[in-house]
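Enquirer: The sequence shown runs 1086 to 1618 under this note's numbering.
Backbone N, C-alpha and C fix where the C-beta goes; we use that ideal spot for every residue, glycine too.
Quick caveat: nothing in here was measured; it's all calculated off a predicted structure.
Just dropping this structure here.
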Amino acid sequence: MAKDGCAMTKTSTPESAPRQDSTGDDISEWGPFGRPLFQETSARALSRVGVIDVGSNSVRLVIFDGAARSPAYFYNEKIMCGLGAGLAETGHLNPEGRTRALAAILRFVKLAEGLGIPPLTTVATAAVREASDGLAFRDEVEAQTGLKLWIIDGKEEARLSAQGVLLGWPKSYGLVCDIGGASLELAELRDGRVGKRETSPLGPLKLRDIKGGKKGRKAHIEAVMDELHAKMGDQNDRLFLVGGSWRAIARIDMERLGYPLHVLHEYRMTSKSVRATAEFVAGHDLEELRQLCGISGSRMALVPYALEVLKVLTSRFKPKDIAISSYGIREGMLYEQMPQRLRERDPLIEACRFAEDKDARLPGFGRTLYTFIKPLFRALPDGRKRMVKAACLLHDVSWRAHPDYRAEVCFDTATRANLGGLKHAERVYLGLALLHRYRNNREGTRFEELSSLLPVEAQREAEILGKAIRFGAMLWMQADTPMGELKWYPKKKVLELVLSADAQPLYGEVAEARFMSLCSSLDATPQVNMRRR
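This is the structure in structure tokens:
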């Protein structure tokens, strides 16, 4: 951000010529992000989608709500069954795990029926496809529940996991690594498309049955990883990690570093931090560490084996950085059902629009507010403008909270909610902006520690954004009704407010105080002009 505030400038680029969609509506009015597709009937057809994922270690039901590009988790339940435990030795599904998995599926079917969910999509991965009794288990599931259990091969599992990553990172590039209980899959992403795919037996449940102890496992992991590297080639871009064992490792890494934001999705690591975390785990009692990090016992038991794999994986492929993805095969199955035009949308903006449409007192006002304040942010790159847009759309979705807590609720929503397409620093930026939408200062709040994830200049920019929204919300009129305009002259340090005739009665004492607070944050001289009818 420039020294004179928010990288703002007096100059601007002329708006593009109006373009109409099939309904005759002016697309350009929606700005660079386009019309929200979730309002269309074809997109609303995906309003509730239920998926059961029968993995080697766990069985999970996820029900996605809303066809916004970043759908909410309406229901999410996981049961650790251990279907693949002992598979390498016996060739069969674990008998106790099989009983527990069937009971879990029966429960999930009953839940879905009670919630009025359309027929569930059910997939099974490594343990069921490799076990000699896997087909018998599939038939038993169908006989008792009526569900068709789709047993997918390793390369299809890799493809779906990679599509799950695309749900959160459109047009991303790099290597996706999905670890389950009995297998590990790799998939290449280039320009938002899935490329080469490979599967391997490097799941922790199998590794703990390898003979020769740690030395034997290391030799086995290195041999398999060498084969994977030969097939996949150099992959030096971002490494996306998908799977519960990877998320557990990331949570431990957070604990090691004292990282303040415990949101696993989009958490970043490096090869060096992986090695440091492996040493950290080796130097601690697993049970104490498990309790400290809130990891289940069955998952924690697999962490040391997963770390052995991750150290070799990063040494072979040498990624530039590592990103944790909470989106995987289940999200990939949802992505599969999305029309291409919805896949191409910004997941953050679509989710914010969906939230505004559902929860705001005046849906559509967020766009009017964005138009009003954007002269302050014209020089920002598109990546930052989307944050301004998101804040405007979310500015009123927490109105039901008690006034004393709205700032906190807004901050928590931005920093901890399931919003795709957000880096951790961007979460904090959005949280600070929404916090300042409800209060002038943040000193003394419990969020000060999180502010450290954002550079000081970006903190100031977020504060200015929040205060601009705080003022603009005082000129609350019907959506698409002109409130007037803001004119920002950064060299002169002058902020001019030109009020429309309709908005003038709304510019009372409180509105004036908020405008002055915005000017103070900009270190600007205020000017107020009234427009005649």
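Distance check for Ala1553 and Leu1607, CA to CA, integer angstroms please.
Expert: In a straight line, the C-alpha of Leu1607 is about 10 Å away from that of Ala1553.
Enquirer: Suppose the cutoff is 7 Å on Cβ atoms and the five residues either side in sequence are ignored; what does the same chain contact list for Met1601 look like?
Expert: Here the set comprises Pro1611.
Enquirer: So, does the region 1367-1377 touch the region 1429-1446, judging by three or more C-beta pairs under 8 Å?
Expert: no
Enquirer: Taking Ala1149 as the reference, which of Ser1141, Ile1137, Asn1142 has the closest Cα?
Expert: It is worth fixing the name first, because residue 1149 is Phe in this sequence and not Ala. The candidate whose alpha carbon is nearest that of Phe1149 is Ile1137.
Enquirer: I'd like the list of long-range same chain contacts for Ala1598, defined as Cβ closer than 6 Å, with 5 residues on each side in sequence excluded.
Expert: Contacts found: none.
Enquirer: Where does Leu1205 sit, in a helix, a strand or coil, going by DSSP?
Expert: coil
Enquirer: In angstroms, rounded to a whole number, what distance separates the CA positions of His1305 and Ala1228?
Expert: 39 Å
Enquirer: Between the C-alpha atoms of Pro1203 and Leu1234, what's the straight-line distance to the nearest angstrom?
Expert: CA-to-CA, the gap between Pro1203 and Leu1234 works out to about 16 Å.
Enquirer: Taking only three categories from DSSP, how would you classify Trp1573?
Expert: In the structure shown, the three-state DSSP call for Trp1573 is strand.
Enquirer: Does the beta carbon of Phe1193 come closer than 8 Å to any beta carbon on chain B?
Expert: The structure shown has no chain B; it contains just one protein chain.
Enquirer: If you drop the 5 nearest sequence neighbours on each side, which residues of the same chain put their C-beta closer than 6 Å to that of Pro1567?
Expert: Exclusion of the five residues before and after Pro1567 leaves Ser1585 as the residues of its chain whose Cβ lies within less than 6 Å of its Cβ.
Enquirer: Pull up the CB-CB distance for Leu1274 and Val1261, whole angstroms please, since I reckon it's below 8 Å.
Expert: 6 Å
Enquirer: In the DSSP assignment, the beta strand (DSSP E) including Gly1135 goes from what residue to what residue?
Expert: 1133-1139
Enquirer: Quick check on the burial criterion: 16 or more other C-beta atoms within 10 angstroms. Buried or exposed for Asn1179?
Expert: buried
Enquirer: Are the Cβ atoms of Ala1333 and Arg1384 separated by less than 8 Å?
Expert: yes
Enquirer: Could you tell me which of Ile1458, Thr1230, Leu1220 sits nearest to His1177, measuring between CA atoms?
Expert: Closest option to His1177, Cα to Cα, is Leu1220.
Enquirer: As an exercise, report each continuous alpha helix (DSSP H) stretch of at least 4 residues that is fully enclosed by the region 1453-1536, in chain order.
Expert: Runs of the alpha helix (DSSP H) inside the region 1453-1536: 1467-1479, 1491-1501, 1509-1523, 1533-1536.
Enquirer: Between which two residues does the alpha helix (DSSP H) holding Thr1362 run?
Expert: 1356-1367
Enquirer: Can you give me the C-alpha to C-alpha distance between His1350 and Ala1464, rounded to a whole angstrom?
Expert: 29 Å
Enquirer: Do you know how far the Cα of Ala1518 is from the Cα of Pro1255?
Expert: 25 Å
Enquirer: Would Thr1210 pass as a contact of Ile1237 if the rule is Cβ separation under 8 Å?
Expert: Going by C-beta atoms, Thr1210 is nearer than 8 Å to Ile1237.
Enquirer: If you run the structure through DSSP and keep just helix, strand and coil, what is Thr1210?
Expert: coil
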